[in-house]
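In the numbering used here, the protein residues as written are 29 to 207. Every residue gets a Cβ at the ideal spot worked out from N, C-alpha and C, and that includes glycine. Everything on this sheet refers to the single structure shown next.
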Amino acid sequence: MPEFLLVSCCAPCSCAVIEKLAREKKDFAVLFYNPNIQPAEEYEKRRKENERFCQERNVPFVSLEYDPENWRQAVNGLENEPERGKRCSVCFYFRLKRAMEYAKENGFAAVSSVLGVSRYKDMAQVNRAAKKASEETGVPYDETNWRKGGLEQRRQQLIKETGMYAQDYCGCPFSVRKN
Numbered sequence: 029m030p031e032f033l034l035v036s037c038c039a040p041c042s043c044a045v046i047e048k049l050a051r052e053k054k055d056f057a058v059l060f061y062n063p064n065i066q067p068a069e070e071y072e073k074r075r076k077e078n079e080r081f082c083q084e085r086n087v088p089f090v091s092l093e094y095d096p097e098n099w100r101q102a103v104n105g106l107e108n109e110p111e112r113g114k115r116c117s118v119c120f121y122f123r124l125k126r127a128m129e130y131a132k133e134n135g136f137a138a139v140s141s142v143l144g145v146s147r148y149k150d151m152a153q154v155n156r157a158a159k160k161a162s163e164e165t166g167v168p169y170d171e172t173n174w175r176k177g178g179l180e181q182r183r184q185q186l187i188k189e190t191g192m193y194a195q196d197y198c199g200c201p202f203s204v205r206k207n
């Protein structure tokens, strides 16, 4: 079993990190648990693209259950919250707690994530949610800032080089706003 679990929301956000960790021969697996991504067709596109990227680099890829109903219950009443608002905090916590439960059940020593890599996300908000989930599960969370060290530039380069499917919203149906 790999040493740590990298939680990924999508291939565009995780590609440079996966490439870096694989090059450094780190012992890790990528976990895809994103019930916030809707509709189901969009979820499948993102899951398949993330899995393909991992397979091409011989990185273990784990996809957990797709349970948008439980996610909707968790964010119920927060539908009109703005991006980076309370809904996002609840969403990050919901997903990271499930990832940490999986990590604990399967012998991973720690969890890290790329949920805060996008410039549209608040990394401190992700880290607060992760800290709460970590305290509840007992699984350590690595707060590495995956935006630094040239990774943002490499991420953009990989998206172009590979023709990777890159979406224009986080996946949450409430993040798609009509202009």
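**Request:** Compare the C-alpha of K114 against each of G199, L92, V154 and F60 and name the closest.
**Result:** Within the sequence shown, residue 114 is the residue found at index 86, counting from 1. Comparing Cα positions, the closest option is V154.
**Asked** Which of the three DSSP states, helix, strand or coil, is assigned to G202?
**Response** Here the question's residue 202 lines up with position 174 in the sequence shown. Checking the displayed sequence, the identity of residue 202 turns out to be Phe instead of Gly. Here F202 sits in helix by DSSP.
**Message:** Measuring only the C-alpha atoms, how far is N98 from F122?
**Reply:** For the purposes of this step, residue 98 is taken as the residue at position 70 of the sequence shown. For the purposes of this step, residue 122 is taken as the residue at position 94 of the sequence shown. Their backbone Cα atoms lie some 9 angstroms apart in a straight line.
**Prompt:** Do you know offhand how far Y94's Cα is from Y61's?
**Reply:** Residue mapping note: residue 94 aligns to position 66 of the sequence shown, counting from 1. Residue mapping note: residue 61 aligns to position 33 of the sequence shown, counting from 1. The alpha-carbon atoms of Y94 and Y61 are separated by roughly 7 angstroms.
**Span separating the alpha-carbon of K206 from that of G105** = Locating residue 206 in the sequence shown gives position 178, counting from the first residue. Locating residue 105 in the sequence shown gives position 77, counting from the first residue. Only weak support is given to the placement of K206: the predicted model assigns it a pLDDT of 49, under 50, and the value that follows is read from those uncertain coordinates. Approximately 20 angstroms, taken between the alpha carbons.
**N78 and A39 closer than 8 angstroms at C-beta** = Here residue 78 corresponds to residue number 50 of the sequence shown, with the count starting at 1. Here residue 39 corresponds to residue number 11 of the sequence shown, with the count starting at 1. Here N78 is near A39, since their CB atoms are less than 8 angstroms apart.
**Request:** Compute the Euclidean distance between the alpha carbons of A137 and S36, then round it to the nearest angstrom.
**Result:** The residue labelled residue 137 in the question sits at position 109 within the sequence shown. The residue labelled residue 36 in the question sits at position 8 within the sequence shown. Approximately 17 angstroms, taken between the alpha carbons.
**Asked** Using the beta-carbon count (16 or more within 10 Å), is Y148 buried or exposed?
**Response** The residue you call residue 148 lines up with position 120 of the sequence shown. Flag for Y148 reads exposed.
**Request:** Starting from the C-beta of P30, find all residues in its chain whose C-beta is less than 8 angstroms away, skip the five residues before and the five after it, and write them out in chain order.
**Result:** Numbered from its first residue, the sequence shown carries residue 30 at position 2. Close CB contacts of P30 within its chain, under the 8 angstroms cut and outside five residues either way in sequence, are with D55, F56, A57, P88 and F136 (chain order).
**Item:** Neighbour-count burial assignment, Y166, 16 or more Cβ in a 10 Å radius
**Value:** Translated into the one-based positions of the sequence shown, residue 166 becomes position 138. Checking the sequence, you will find Gly at residue 166 rather than Tyr. Exposed, because fewer than 16 other Cβ atoms sit within 10 Å of the Cβ of G166.
**Spatial neighbours of C198 in its chain, beta-carbon cut-off 6 angstroms, leaving aside the 5 residues before and after** = Counting from 1 along the sequence shown, the entry for residue 198 is found at position 170. Excluding five sequence positions before and after C198, none of the CB atoms of its chain fall closer than 6 angstroms to its own CB.
**Asked** Any idea which residues DSSP pairs S140 with across the strands?
**Response** As a working note, residue 140 is residue 112 in the sequence shown. Beta-bridge pairing links S140 to L34 and D170.
**Message:** Quick check: V139 and A131, are their CB atoms within less than 8 angstroms of each other?
**Reply:** On the sequence shown, position 111 is the one that residue 139 refers to. On the sequence shown, position 103 is the one that residue 131 refers to. For V139 and A131, yes; Cβs fall inside 8 angstroms.
**Asked** Using a Cβ-Cβ cut-off of 8 angstroms (strictly less than) and excluding sequence neighbours within five positions of P168, which residues of its own chain qualify?
**Response** Position 140 of the sequence shown, counted from the first residue, corresponds to residue 168. So the qualifying residues of the chain are A137, A138, V139 and S162.
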